[in-house]
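Q: Protein chains in written order, with our numbering: chain A, 9 to 327; chain B, 9 to 327; chain C, 121 to 445; chain D, 121 to 445.
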Amino acid sequence: MKKPGKAKLIEFYTKMVRIRKIEQKLMEVFSNGEIPGFIHVSIGQEAAPVGICSHLSDSDYISTTHRGHGHALAKGIDLKFFMAELFGKREGYCLGRSGSMHLADKNLGIMGANGIVGGGIPIATGAALAAKYKKTGQVVVATFGEGATSEGVFHEALNIAAIHKLPIVYACENNEWAEFSPQRIHMSVKDVKDRAAAYAIPGVSVSNDVLKIYEEAGKAIKMAREGRGPTLLEIKSERWYGHYVGDAQKYRGKEKVAEAMKKDCLLNFEKLLLKDNVLQRKDIDRIEKEIQAEINEAVDFARGCSPPDPSEMMDGLYV
Amino acid sequence: MKKPGKAKLIEFYTKMVRIRKIEQKLMEVFSNGEIPGFIHVSIGQEAAPVGICSHLSDSDYISTTHRGHGHALAKGIDLKFFMAELFGKREGYCLGRSGSMHLADKNLGIMGANGIVGGGIPIATGAALAAKYKKTGQVVVATFGEGATSEGVFHEALNIAAIHKLPIVYACENNEWAEFSPQRIHMSVKDVKDRAAAYAIPGVSVSNDVLKIYEEAGKAIKMAREGRGPTLLEIKSERWYGHYVGDAQKYRGKEKVAEAMKKDCLLNFEKLLLKDNVLQRKDIDRIEKEIQAEINEAVDFARGCSPPDPSEMMDGLYV
Amino acid sequence: MKEIRYIFAIKEAMEEEMERDENVFLIGEDVGLAGGSFGASRGLYDKFGPERVIDTPISEAGFTSIALGAASCGLRPIVEIMFMDFVTCAMDSIVNQVAKMRYMFGNQYTVPIVVRMPEGAGLNAGPQHSQCLEAWFAHVPGLKVVMPSTPYDVKGLLKSSIRDDNPVIFVENKTLHAMKGSVGEEDYVIPIGKADVKREGEDVTVVTASRMVHESLKAADILSQEGINIEVVDLRTIQPWDKEAVFNSISKTHRLVIAHEAVKQFGFGAEISAAVSEEIMDELDAPIMRVGAPFVPVPYSLEKFYVPSSEDIVGTVKKTLEQGF
Amino acid sequence: MKEIRYIFAIKEAMEEEMERDENVFLIGEDVGLAGGSFGASRGLYDKFGPERVIDTPISEAGFTSIALGAASCGLRPIVEIMFMDFVTCAMDSIVNQVAKMRYMFGNQYTVPIVVRMPEGAGLNAGPQHSQCLEAWFAHVPGLKVVMPSTPYDVKGLLKSSIRDDNPVIFVENKTLHAMKGSVGEEDYVIPIGKADVKREGEDVTVVTASRMVHESLKAADILSQEGINIEVVDLRTIQPWDKEAVFNSISKTHRLVIAHEAVKQFGFGAEISAAVSEEIMDELDAPIMRVGAPFVPVPYSLEKFYVPSSEDIVGTVKKTLEQGF
Ligand SMILES: Cc1ncc(C[n+]2csc(CCOP(=O)(O)OP(=O)(O)O)c2C)c(N)n1
Ligand SMILES: Cc1ncc(C[n+]2csc(CCOP(=O)(O)OP(=O)(O)O)c2C)c(N)n1
Ligand SMILES: [Mg+2]
Ligand SMILES: [Mg+2]
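(1) Is M237 (chain C) helix, strand or coil when you go by DSSP?
(2) Going along chain C in order, which residues have a C-beta closer than 9 Å to the C-beta of V161 (chain A)?
(3) Give me the chain D residues within the contact set of R311 (chain A), using Cβ-Cβ distance strictly less than 9 Å, ordered along the chain.
(4) So, helix, strand or coil for A406 (chain C), using DSSP?
(5) Which residues in chain C have a C-beta closer than 7 Å to the C-beta of T208 (chain D)? List them in chain order.
(6) With 16 as the cutoff for other CB atoms within 10 Å, does F445 (chain D) come out buried or exposed?
(7) Taking one C-beta from the region 172 to 184 of chain D and one from the region 156 to 166 of chain B each time, how about it: are there three or more such pairs within less than 8 Å?
(8) Where do the N-terminal and C-terminal ends of the beta strand (DSSP E) with G301 (chain D) fall, by residue?
(9) Please say whether G313 (chain C) and G45 (chain B) have beta carbons closer to each other than 8 Å?
(10) Looking at chain B, which residues of the region 231 to 248 of chain C have a Cβ within less than 7 Å of any of its Cβ atoms?
(11) Going along the chain, which residues of the region 367 to 382 of chain D sit with their C-beta nearer than 7 Å to a C-beta in chain A?
(12) So N122 (chain B) is in the beta strand (DSSP E); what residue range does that whole segment cover?
(13) Between R105 (chain A) and chain C, is there a C-beta pair that is closer than 8 Å?
(14) When burial is assigned at 16 or more other CB atoms within 10 Å of the CB, is M221 (chain C) buried or exposed?
(15) In chain D, what lies closer than 8 Å to M322 (chain A) by C-beta?
(16) Quick one, which of A:G211, A:I168, A:H194, A:D217 has its alpha-carbon nearest H194 (chain B)'s?
(17) Run through chain D and tell me which residues come within less than 8 Å of E187 (chain A), C-beta to C-beta.
(18) So, helix, strand or coil for L287 (chain A), using DSSP?
(19) Take V218 (chain A) as the anchor and find which of A:S245, A:K201, A:K198 has the nearest alpha-carbon.
(20) Going along the region 199 to 210 of chain B in order, which residues come within less than 9 Å of chain A, judged by CB to CB distance?
(21) Tell me whether G182 (chain C) counts as near ligand 1, meaning its Cβ is closer than 7 Å to at least one heavy atom of that ligand.
(22) Can you name the residues that DSSP bridges to L241 (chain A)?
(23) Which residue wins for smallest C-alpha separation from V207 (chain D), given the options D:G276, D:F257, D:V144?
(24) Indicate, with yes or no, if ligand 4 has a heavy atom lying under 7 Å from the CB of G235 (chain A).
(25) Quick one: what's A150 (chain A) bridged to in DSSP?
(26) Can you list, in chain order, the residues of the region 46 to 69 of chain B whose Cβ is nearer than 8 Å to any Cβ on chain C?
(27) Looking only at DSSP bridge pairs, what is T328 (chain D) linked to?
(28) Expressed to the nearest angstrom, what Euclidean distance is found between the alpha-carbon atoms of A208 (chain B) and A170 (chain B)?
(29) What's the gap between the Cα of T297 (chain D) and the Cα of C252 (chain D)?
(30) Using the rule of at least 16 other Cβ atoms within 10 Å of the residue's Cβ for burial, across every protein chain shown, is K167 (chain C) buried or exposed?
(31) Determine the chain C residues that contact G127 (chain A) at a beta-carbon separation under 9 Å, and present them in chain order.
(32) Less than 8 Å between the beta carbons of D273 (chain C) and R375 (chain C), yes or no?
(33) Measure the alpha-carbon distance for E442 (chain C) versus V333 (chain C) and round it to whole angstroms.
(34) Of all Cβ atoms in chain B, is any one closer than 8 Å to the Cβ of Q228 (chain D)?
(35) Return the CA-CA distance between V416 (chain D) and K227 (chain A), expressed in angstroms with no decimal places.
(36) Taking the alpha carbon of P287 (chain D) as the reference point, which residue from D:L153, D:Y223, D:K300 has its own alpha carbon closest?
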């Protein structure tokens, strides 16, 4: 696979910064009480969605999770309507019915975040079945956490996808935590990739480095697209904040959190780009400023939208 | 592990013949219409229950399946009450409520056959949890077919057992068929044992040979008993007859069936014992005669029992 | 018209819809090579090939959600769950995913999926192979629940269900599979949500569905010899159920019995009863009575005492007639 | 008596029972190290250790059946399902295994297992985190279904449930977790299957449970200002439910409203209504009315319009009073 050129590198960086800044803003407005329910941010894990989605076109599919903002954004979801959904407004993607845990944009193949851990894995597998059935050449990426690999449907879906050589990549972000429980509670293997052996599919593990993720995801997606079947791709990522915004992570300890924060996929990438002269400090400032402006606009937009009207509550339940 | 001596060998042989003859009788009385519902026989697969259960004491546990007569018998279930249950009589183990697919004898640790494919696997795992909890030294064997390894609960149970190093052996009889579908419909791996890698537990595959099964089961059970955790033990066995009695196996083809029948774990063992002078033909005749008498007696017993009374239908639903 | 079995009518419906629309496919355990555990898809694998008649591993949750994913991408899956009891393995798929995908994602998706499953006792298959769980699904917004009683109905309703853009839980009954009946040669559909008066009568309305329709018709024969004429209303669909038809019949008979094979308590009869008493109680001349199975798992060898019978219906109809306000 | 929160009453019940009987243990996601997602087991891990407060992988089906296996071997597991919506992943375990093990195996086993799960809206957690599915379990022979409404009740009922030798589905409500109330200092239990009249009145009986008890009590306050006195019957257990208490109250008021948070159609209210109209219809002076949630998934931002409120109950009570036969 071709190494990404300068423009691509800047694009990766910009997308990662954008996800980071958006989620930082979300933490702020959530803490203000402007967003109902829960939100789960993926700060520290921005490399994966960017590295992966850079291989996908609008017609490819991706399924996401409760911690799925990054993927939806990397796949191209419109920030304004994204924000409106989180604010519970009728202009949102789900008409303000469902919130952060259920973002979906059918037109962009963003199949929907799922509130059920593991729930999206077989659904994404079904999209891959449809792509194969219709011979469209589309590819699907199912994203999930290491905790989800304990659910029965993870196993059932990978088994079926392997048998049918479906065009799908199973991308697991192993951030070592599922809610408040560390990895050792959930699995006796160190690497999620080891679970691939049960289906005779490739299992690959990669560090939280956008370029490496881009490379491995590229291979796996190519394989899927060529009809050679699924891959289980593990990304060793880092959850900085709690399970949801508001979780103080007492169970984890300050040092561990600080350690995780040190392994900052964004800062590392930034340093690399600065060192290689791909970016200058002033470019970074400009990028950040532009993004900040876009975010503020989206938040203002969401604030200005109205909540759904109770009279619309039943609309569209059936076709 | 010590090689089994002459007495043990004869015991293995006798148990295998007994299972074979009992199931042949079941086919006959089922075809007569004396047994309601379905029955699934394990003819061709007698080596596994005998090889495995020879390591278990009465206080150890075993969970079985719809094709579980052999295991229940090898674990010591009483043939009369077994027969009564299959005949739907109130003297049966389940008071004639449940039939072949639900044989259980609490006192012998026969935890119950399960009509839900895979259903017994986590339940058996719970017995192993209880044994560890109470530090009783008991061991559990969960038996199931290769088809069951596609169910989510297989994955969930093995994962948990591996994490907690529970005293359990997962014994899968891979007879290459799940109902009317061959193995390739169900899995992309050739060997069920390969699924062990997902849990970092040993995966072992063994042929349909009672001595080899005895040996490998022995190692796995020892490991479990010593607190070193579970093993996934695959036995490559052969299903001679259809999924249930009455299934003509048209989907399989006569030659394939004939091939399977040639690989007769019982006949092979018999030849070995004759060759090694462990048994003489006349011993075999005697053994068969004794077993036949026992079977006839059990069938007569079951015939003589009465069906449950409708007035007892609600009894015992709650304690 | 021709005489065919219920199971064959199911096959014909699937076959014709698969011919009509190449997006329709069938997925489930043993549906392909083997033609289905009960034979519902016999011949379809040879005709349509393994891409459209998909044999799966034993993974009810997995393949139901896979079908959903395919439906959300424009296909029209028919899922076969071998026995209704096994749908317990796929409840997340059906309740949290299939039923909610459309509404939860702001009506972006249509979810044309049919989940077929045979329910009920009759094969002496024991407690884990004989349940009637339709009331669960009727309680879940986003689903429709269909329960046909005859070969004619099953064909027309299955075709409607396959053409419907909403998820349909399609409940067959094992004892009906072998039943013969006349089925039209032409392409016909029966609308979901419409009941059918299977027998007219003036004295008592019996609202029922699936296997109990036939027990009710037997009861009607028995009762008619005593001069009692019951009206047998076959709901055919229990979600949404045909209030108009039920209320019309009650306005005529002023007495109501509801009969189903499921356990009586918390079954669909409860909803019918509650809705009737809420909305048109003043039409009734006697308490609403229900017939359903006893509150116990289905016992292997006592099926014939367990499953509600025509005699139970006869008895209950008479009780209704003896009572009044 | 002391004032404690509902969630703390749950903890006390578990703690006291674990002290009393070393066979009692707790298993579920994040119940150990973290003390439970809603804090129900805070402190228990430190006190009883990882063998008795078992953190599991995210495997609802697996650990529920594991608990069952342990129960069949003499232990007394308490299973925590984090949100009731997730029990959809464990329906085979609960319905085909837990509920049937005793009966199906000829009464050889006792199955002392409690499956705790919080239901309902109130956290704006969306369609897959807010459902009320108790009616499903009430339809399954072999289970008991408990739904306590106050800290006092939750403690006494949880202790009863843990001591019960039958499987109990123990339904909490997320909005009740933070509610404070007086709880006895002594070791007390509340019998399963016994309702509690939370407020006496003569005009209309309101049968309810869990969160809706409080909406009903609010409704009672509002109505009393207009001179209408409702009797609030808190079922506390919906399977088996306390017919005697309900019938007694109806014999006094002659009017019945049933209120629950679950979707109205096919909810537990249907069964109460049907049973009442079957057995004591002649006691009623007006149609039985139900209050329940609309037939739609729980929408994130419309919860306060979605969940039945005291006003809905007030309105329905008045409607009942306006009508008559
Ligand atoms: C079926 C189900 N069980 C439990 C939960 C509660 N829950 C939400 S997120 C989560 C942890 C998920 O961990 P992981 O898959 O590693 O994803 P991460 O949060 O780390 O991104 C749990 C247990 C749920 N939503 N669905
Ligand atoms: C949950 C569930 N799904 C499907 C079935 C129907 N069924 C019964 S046995 C069987 C095949 C099992 O195959 P395998 O596990 O290989 O066991 P074998 O019959 O070969 O011994 C199937 C699909 C079932 N009983 N339970
Ligand atoms: Mg994680
Ligand atoms: Mg097999």
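Here a beta-carbon is modelled for each residue, glycine too, at the ideal position from N, C-alpha and C. Computed from a prediction, not measured in an experiment: that's the story for all the values here.
A: The relevant details are as follows:
(1) strand
(2) S179, A181, G182, S185, D212, S213
(3) Within 9 Å Cβ-Cβ: nothing; R311 (chain A) doesn't reach chain D, min ~14 Å.
(4) coil
(5) M211, D212, V215, N216
(6) exposed
(7) yes
(8) 300 to 303
(9) no
(10) L243, N244, A245, G246, P247, Q248
(11) none
(12) 118 to 122
(13) yes
(14) buried
(15) P414, F415, V416
(16) A:I168
(17) E149, D150, A154, S157
(18) coil
(19) A:S245
(20) D202, R203, A204, A205, A206, Y207, A208, I209
(21) no
(22) A:A179, A:V212
(23) D:F257
(24) no
(25) A:S71, A:Y178
(26) F46
(27) D:D354, D:A379
(28) 7 Å
(29) Checking the sequence shown, residue 297 (chain D) turns out to be His, not Thr. Those two C-alpha atoms are separated by around 15 Å.
(30) exposed
(31) S185, D212, S213, N216, Q217
(32) no
(33) 23 Å
(34) yes
(35) 43 Å
(36) D:Y223
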